[in-house]
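Below: one structure, written as structure tokens.
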Ligand SMILES: [Zn+2]
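In our numbering, the protein residues as written are 84 to 427.
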């Protein structure tokens with residue numbers, strides 16, 4: 084694979100650009116998703132380890148004074164992190180232990196630390212929720228000899244270069260060319276994070292690893308796209324370019340439109356998927372992931388019923404299944420969810 088730089092459309096930048104797009108405002112998020120997210124975060128969350136392991140229940144009902152507490156004064160933070168780490172075979176890094184610099188000398192991101200105990204617990208529960216949508220064992224198998232276990236950084240606000248850090252400016256990001264295998268998430272100001280965004284980034288991490296392992300056939304993938312189509316490979320004009328609205332089910336994230344093309348001309352979830360194969364695959368899985376997490380089919384209802392969307396989604400799901408050693412029963416759960424949405 085050609086070496087891609089940060090500035091010239093590297094995958095990290097691609098990922099960042101998606102997130103900036105997705106999180107610019109609330110208008111592109113469906114009310115149902117936001118409602119569910121709020122509801123979930125208000126409930127007590129049980130973190131389930133292995134079946135034989137005891138379960139510890141944490142509730143959000145805490146006195147106001149506790150809301151100000153530093154994570155170092157709250158033993159629940161470490162206990163919760165440990166449980167989720169064990170469940171997924173990952174490292175969760177938070178508080179003052181987080182990495183502060185990402186990127187390269189040309190274009191770097193600088194992160195701050197986030198130290199509020201309640202916020203960190205909220206974020207860890209959201210990470211649990213995001214990863215729970217994927218087949219068990221997938222997270223731990225992403226580890227490699229060179230870069231080790233997947234690190235999940237729970238950061239404060241992030242800024243670029245000498246710019247002041249700003250909450251939500253870089254909600255979540257990853258970098259395929261970094262010395263570490265990581266997923267960084269801005270959890271400021273209160274620990275609430277966009278769970279689908281984390282799942283989307285995690286899909287990129289899976290995609291990167293499959294390519295590194297030589298277990299993804301890009302030529303086969305490209306054959307599933309329309310004749311004459313090529314990815315835009317930039318973030319500036321995908322919404323206005325040659326292929327905008329031509330093959331997409333919706334125009335933007337979460338904004339269903341009346342289909343103006345025949346169903347057999349639907350190849351992408353929304354225009355963002357025409358940016359790159361990476362974004363295409365991550366966006367294709369979004370409705371499935373939301374369904375797995377929250378049980379509703381509201382992002383793009385009926386999307387998996389289109390024949391080319393089916394072909395592409397199934398190609399990606401099968402590739403994941405083939406690349407990793409997954410328990411058949413866990414694959415079955417994913418498959419069943421997909422087939423239900425695809426009405427198969
Ligand atoms: Zn992306």
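Built from N, CA and C at the ideal position, the CB exists for glycine as well.
Which class does residue i belong to by DSSP, given the choice of helix, strand or coil?
i	result
residue 78	Examination of residue 78 is not possible in this model, given that the chain is present from 84 through 427 alone.
residue 236	strand
residue 265	strand
residue 166	helix
residue 374	helix
residue 171	helix
residue 227	strand
residue 178	helix
residue 199	strand
residue 381	coil
residue 332	strand
residue 315	coil
residue 356	helix
residue 184	strand
residue 35	Absent from the model: residue 35. The displayed extent of the chain is 84 to 427, so no value can be given.
residue 290	helix
residue 242	strand
residue 260	coil
residue 152	coil
At a cut-off of 7 Å, would you count residue i as near ligand 1, judging by its Cβ distance to the nearest heavy atom?
i	result
residue 362	yes
residue 336	no
residue 294	no
residue 213	no
residue 247	no
residue 365	yes
residue 283	yes
residue 287	yes
Does the beta carbon of residue i come closer than 8 Å to any beta carbon on chain D?
i	result
residue 395	The displayed structure is made up of one protein chain only, and chain D is not part of it.
Please check the pair residue i and residue j, which I expect to be a contact at CB under 8 Å, by giving their CB distance rounded to whole angstroms.
i	j	result
residue 284	residue 327	In fact, because the Cβ distance is near 24 Å, the residues do not count as touching under 8 Å.
residue 263	residue 230	6 Å
residue 279	residue 369	6 Å
residue 237	residue 206	5 Å
residue 410	residue 172	No, residue 410 and residue 172 are not in contact; Cβ-Cβ is about 14 Å, not under 8 Å.
residue 204	residue 166	Residue 204 to residue 166, Cβ: 11 Å. No contact.
residue 343	residue 321	Not quite, the Cβ-Cβ distance comes to about 18 Å (not below 8 Å), so this is no contact.
Using the rule of at least 16 other Cβ atoms within 10 Å of the residue's Cβ for burial, across every protein chain shown, is residue i buried or exposed?
i	result
residue 384	exposed
residue 345	exposed
residue 427	exposed
residue 390	exposed
residue 365	buried
residue 116	With a pLDDT of only 26 at residue 116, under the threshold of 50, the placement of this residue in the model should not be trusted, and no figure is reported.
residue 129	The predicted position of residue 129 is uncertain, since its pLDDT is 28 and thus under 50; no value can be drawn from it.
residue 303	exposed
Original post:
Between the segment 321-335 and the segment 283-296, are three or more C-beta pairs nearer than 8 Å?
Top reply: The answer is no - the segment 283-296 does not touch the segment 321-335, with fewer than three Cβ pairs under 8 Å.
**OP:** Decide yes or no for the touch test of the segment 196-204 against the segment 263-273: beta carbon pairs closer than 8 Å, at least 3 of them.
**Re:** yes
Original post:
Below 8 Å, can you find three or more Cβ-Cβ pairs linking the segment 175-184 to the segment 154-167?
Top reply: The segment 154-167 and the segment 175-184 touch, with three or more beta-carbon pairs separated by less than 8 Å.
**OP:** Specify whether the segment 219-229 and the segment 241-248 touch according to this definition: at least 3 beta carbon pairs, one from each stretch, less than 8 Å apart.
**Re:** no
Original post:
Three or more C-beta pairs closer than 8 Å, one from the segment 410-422 and one from the segment 304-324: is that the case here?
Top reply: The segment 410-422, when compared against the segment 304-324, does not touch it at the 8 Å Cβ threshold.
Original post:
Are the segment 404-415 and the segment 294-302 touching, with three or more C-beta to C-beta distances below 8 Å?
Top reply: yes
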